[in-house]
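A.B. asks:
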Amino acid sequence: MLTLQCPYCGVMAEETELSAGGEAHLKRFGPGSTDADFETYMFMRENPKGVHFERWRHANGCGKWFHAARCTVTLEVFGTYTAQTSVPPADLLDKIRAARPGFKWREFE
Amino acid sequence: MSEAISALAGANTEGFCRVSELGLHGMITVRGDLSNADLAKALCAAAGVNALPEVRKMVGGLEGGIAWMSPDELMVFVPYSQVVAKVEELNDALAGTHFLAVNVSDARAVFGIDGAGAREVIAKIAPVDMAPEAFTTGDLRRTRIAQVAAAFWMAGDDSFRLICFRSVAEYAFKLLSTSAAKGGEVGYF
Numbered sequence: 001m002l003t004l005q006c007p008y009c010g011v012m013a014e015e016t017e018l019s020a021g022g023e024a025h026l027k028r029f030g031p032g033s034t035d036a037d038f039e040t041y042m043f044m045r046e047n048p049k050g051v052h053f054e055r056w057r058h059a060n061g062c063g064k065w066f067h068a069a070r071c072t073v074t075l076e077v078f079g080t081y082t083a084q085t086s087v088p089p090a091d092l093l094d095k096i097r098a099a100r101p102g103f104k105w106r107e108f109e
Numbered sequence: 110m111s112e113a114i115s116a117l118a119g120a121n122t123e124g125f126c127r128v129s130e131l132g133l134h135g136m137i138t139v140r141g142d143l144s145n146a147d148l149a150k151a152l153c154a155a156a157g158v159n160a161l162p163e164v165r166k167m168v169g170g171l172e173g174g175i176a177w178m179s180p181d182e183l184m185v186f187v188p189y190s191q192v193v194a195k196v197e198e199l200n201d202a203l204a205g206t207h208f209l210a211v212n213v214s215d216a217r218a219v220f221g222i223d224g225a226g227a228r229e230v231i232a233k234i235a236p237v238d239m240a241p242e243a244f245t246t247g248d249l250r251r252t253r254i255a256q257v258a259a260a261f262w263m264a265g266d267d268s269f270r271l272i273c274f275r276s277v278a279e280y281a282f283k284l285l286s287t288s289a290a291k292g293g294e295v296g297y298f
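Top to bottom, those sequences are chains S and L.
Just so we're aligned: the first sequence equals residues 1 to 109 in this note's numbering.
Just so we're aligned: the second sequence equals residues 110 to 298 in this note's numbering.
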């Protein structure tokens, strides 16, 4: 059972209280962008064996979206943080680097 | 004007706890910046309480109280007969402030779970730590009960109040009744 702490209400919410929102920190390319950019935005996703950054929503709770960093292999959760950011917080990245030397996710390593 | 009736017209059942639908209550959903002093003052005046609730807390009760719903949302409880006037008062008092107050009294159902073991009735159906040291009087959780969304708070020892959407009131009542049925005591807490 996956348990994530909602950064807004502080609840240790288990999986059934949450809904998954896919990959985090996507940059939107809309009308006027190149076909290549749009294709990347629309279809290309990370599929890591290891640390992944995801969006989650505390659906059966305060209703807020937030971000989580977890390992797709061990389900280890490195942390959760609010949705009001476009990059993972530095202290969380440090924690992941310490736990998983050589980790790489998009431009973060 | 037609006569307003609650979802289950006060249905109740006795198991090892008493589960009852508590009839009509005035409920106003408020969204806005909860750190705004004017908003806080107006809401406290409307509900007759001294301060807004902390995160995951309930202040006051069904006849005058405020429940924390999310970082920008509160539920204000007032007597059903005053709810329309209270919404107007809020809109007048806070004219120009960015906020929203909506009367949702007829879109919600309110239940009471009373009696020894009331914690168990909730613990069986919600993914919430209901241990006495983890959930105490005044604590509130917005979560799910089995398959529907609900919010509940502890009003006193062995006494819980629960709100859910009116459209699922019958489901919620049957669920709570089943959870509280005699013979279903667990005795864990």
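We put the beta carbon where it would ideally sit given N, CA and C, even for glycine.
Identify, in the order they occur along the chain, each residue of the same chain with its Cβ nearer than 8 Å to the Cβ of residue 41 of chain S, setting aside the five sequence neighbours on each side.
C.D. replies: Residue 41 of chain S sits at position 41 when you count from the first residue of the first sequence. Cβ neighbours of residue 41 of chain S beyond the five flanking positions: 26, 27, 28, 29 and 33.
A.B. asks: Below 7 Å on C-beta distance, what does residue 17 of chain S contact in chain L?
C.D. replies: If you number the first sequence from 1, residue 17 of chain S lands on position 17. Under the 7 Å cutoff, chain L gives 236, 252 and 253.
A.B. asks: Under 9 Å, CB to CB, which of the residues in the stretch 159-174 of chain L have a partner in chain S?
C.D. replies: So the list reads 164 and 165, given in the order they occur along the chain.
A.B. asks: Taking the alpha-carbon positions, what's the residue 190 of chain L to residue 207 of chain L distance?
C.D. replies: Stepping through the second sequence from its first residue, residue 190 of chain L is reached at position 81. Stepping through the second sequence from its first residue, residue 207 of chain L is reached at position 98. Computed Cα separation, rounded: 26 Å.
A.B. asks: Apart from the five residues on each side of it in sequence, which residues of its chain come closer than 6 Å, Cβ to Cβ, to residue 128 of chain L?
C.D. replies: Counting from one through the second sequence, the residue named residue 128 of chain L turns up at place 19. Answer for residue 128 of chain L: 122, 222, 285, 286 and 289, listed in chain order.
A.B. asks: Within the stretch 189-248 of chain L, note down every full alpha helix (DSSP H) run reaching 4 residues or more, in order along the chain.
C.D. replies: With a minimum length of 4 residues, the continuous alpha helix (DSSP H) runs that stay inside the stretch 189-248 of chain L are 192-202 and 227-232.
A.B. asks: Enumerate in chain order the residues of its own chain whose CB-to-CB distance from residue 64 of chain S is below 6 Å, with the five nearest sequence positions on each side excluded.
C.D. replies: Working through the first sequence from its first residue, we reach residue 64 of chain S at position 64. Around residue 64 of chain S: 8 and 58.
A.B. asks: If you draw a straight line from the alpha carbon of residue 256 of chain L to that of residue 94 of chain S, how long is it in whole angstroms?
C.D. replies: Here the question's residue 256 of chain L lines up with position 147 in the second sequence. Here the question's residue 94 of chain S lines up with position 94 in the first sequence. Their Cα atoms are separated by approximately 39 Å.
A.B. asks: Given a threshold of 16 other Cβ atoms within 10 Å of its Cβ, counted over all protein chains shown, does residue 124 of chain L qualify as buried or as exposed?
C.D. replies: Position 15 of the second sequence holds residue 124 of chain L. Classification of residue 124 of chain L: buried, given that the 10 Å Cβ count is 16 or more.
A.B. asks: Closer than 8 Å is the cut-off here; do at least three beta carbon pairs connect the stretch 176-194 of chain L with the stretch 151-165 of chain L?
C.D. replies: Contact between the stretch 176-194 of chain L and the stretch 151-165 of chain L is present, because at least three Cβ pairs lie under 8 Å.
A.B. asks: Tell me which residues share the same chain as residue 62 of chain S and place their Cβ nearer than 6 Å to its Cβ, disregarding the 5 neighbours each side in the sequence.
C.D. replies: Within the first sequence, the letter at position 62 stands for residue 62 of chain S. Cβ neighbours of residue 62 of chain S beyond the five flanking positions: 8 and 9.
A.B. asks: Tell me the residue span of the beta strand (DSSP E) that contains residue 81 of chain S.
C.D. replies: Walking along the first sequence from the start, residue 81 of chain S turns up at place 81. Run containing residue 81 of chain S: 77-82, per the beta strand (DSSP E) assignment.
A.B. asks: List the residues of chain L that residue 8 of chain S touches, going by C-beta distances under 8 Å, in chain order.
C.D. replies: Counting from 1 along the first sequence, the entry for residue 8 of chain S is found at position 8. The answer, in chain order, is 179 and 180.
A.B. asks: For residue 15 of chain S, tell me which candidate among L:152, L:261, L:252 and L:140 has the shortest Cα-Cα distance.
C.D. replies: For the purposes of this step, residue 15 of chain S is taken as residue 15 along the first sequence, with counting starting at 1. Ranking L:152, L:261, L:252 and L:140 by Cα distance to residue 15 of chain S puts L:252 first.
A.B. asks: What are the residues in the stretch 276-290 of chain L lying within 7 Å of chain S by C-beta distance?
C.D. replies: Those would be none; no residue qualifies.
A.B. asks: Between residue 187 of chain L and residue 213 of chain L, what straight-line distance do the alpha-carbon atoms span, to the nearest angstrom?
C.D. replies: Position 78 of the second sequence, counted from the start, is the residue given in the question as residue 187 of chain L. Position 104 of the second sequence, counted from the start, is the residue given in the question as residue 213 of chain L. Taking the straight line joining both Cα atoms gives about 11 Å.
A.B. asks: Given residue 211 of chain L, which residues of its chain have a CB within under 6 Å of its CB, disregarding the five upstream and five downstream residues?
C.D. replies: Position 102 of the second sequence holds residue 211 of chain L. Answer for residue 211 of chain L: 138, listed in chain order.
A.B. asks: Would residue 88 of chain S pass as a contact of residue 43 of chain S if the rule is Cβ separation under 9 Å?
C.D. replies: Taking the first residue of the first sequence as 1, we reach residue 88 of chain S at position 88. Taking the first residue of the first sequence as 1, we reach residue 43 of chain S at position 43. Result no, Cβ atoms of residue 88 of chain S and residue 43 of chain S do not sit closer than 9 Å.
A.B. asks: Determine, using beta carbons only, whether residue 281 of chain L and residue 259 of chain L come nearer to each other than 9 Å.
C.D. replies: For the purposes of this step, residue 281 of chain L is identified with residue 172 of the second sequence, where counting begins at 1. For the purposes of this step, residue 259 of chain L is identified with residue 150 of the second sequence, where counting begins at 1. Their beta carbons are under 9 Å apart, which means residue 281 of chain L touches residue 259 of chain L by this criterion.
A.B. asks: Could you name the residues of the same chain whose beta carbon sits closer than 8 Å to that of residue 246 of chain L, not counting the 5 residues immediately before and after it, in chain order?
C.D. replies: For the purposes of this step, residue 246 of chain L is taken as the residue at position 137 of the second sequence. Same-chain partners within the cutoff: 263, 264, 265 and 266.
A.B. asks: For residue 145 of chain L, tell me which candidate among L:182, L:157, L:272 and L:136 has the shortest Cα-Cα distance.
C.D. replies: Translated into the one-based positions of the second sequence, residue 145 of chain L becomes position 36. The option with the nearest alpha carbon to residue 145 of chain L is L:182.
A.B. asks: Looking only at its own chain, which residues have a Cβ that is under 7 Å from the Cβ of residue 86 of chain S, when we skip the five neighbours before and after it?
C.D. replies: Here residue 86 of chain S is taken as the residue at index 86 of the first sequence, counted from 1. Here the set comprises 25.
A.B. asks: For residue 215 of chain L, which option in L:296, L:148 and L:278 has the closest C-alpha, if you only look at C-alpha atoms?
C.D. replies: If you number the second sequence from 1, residue 215 of chain L lands on position 106. With distances taken between Cα atoms, residue 215 of chain L lies closest to L:278.
A.B. asks: Chain S partners of residue 258 of chain L, CB-CB under 7 Å?
C.D. replies: Position 149 of the second sequence, counting from 1, holds the residue named residue 258 of chain L. Result: 60.
A.B. asks: Would you tell me roughly how many angstroms separate the C-alpha atoms of residue 78 of chain S and residue 108 of chain S, rounded to the nearest one?
C.D. replies: Position 78 of the first sequence, counted from the first residue, corresponds to residue 78 of chain S. Position 108 of the first sequence, counted from the first residue, corresponds to residue 108 of chain S. Cα-Cα distance, rounded: 15 Å.
A.B. asks: When the Cα of residue 102 of chain S is compared with those of S:38, S:20, S:50 and S:19, which residue comes out closest?
C.D. replies: Locating residue 102 of chain S in the first sequence gives position 102, counting from the first residue. Selected option, being the one with the closest Cα: S:50.
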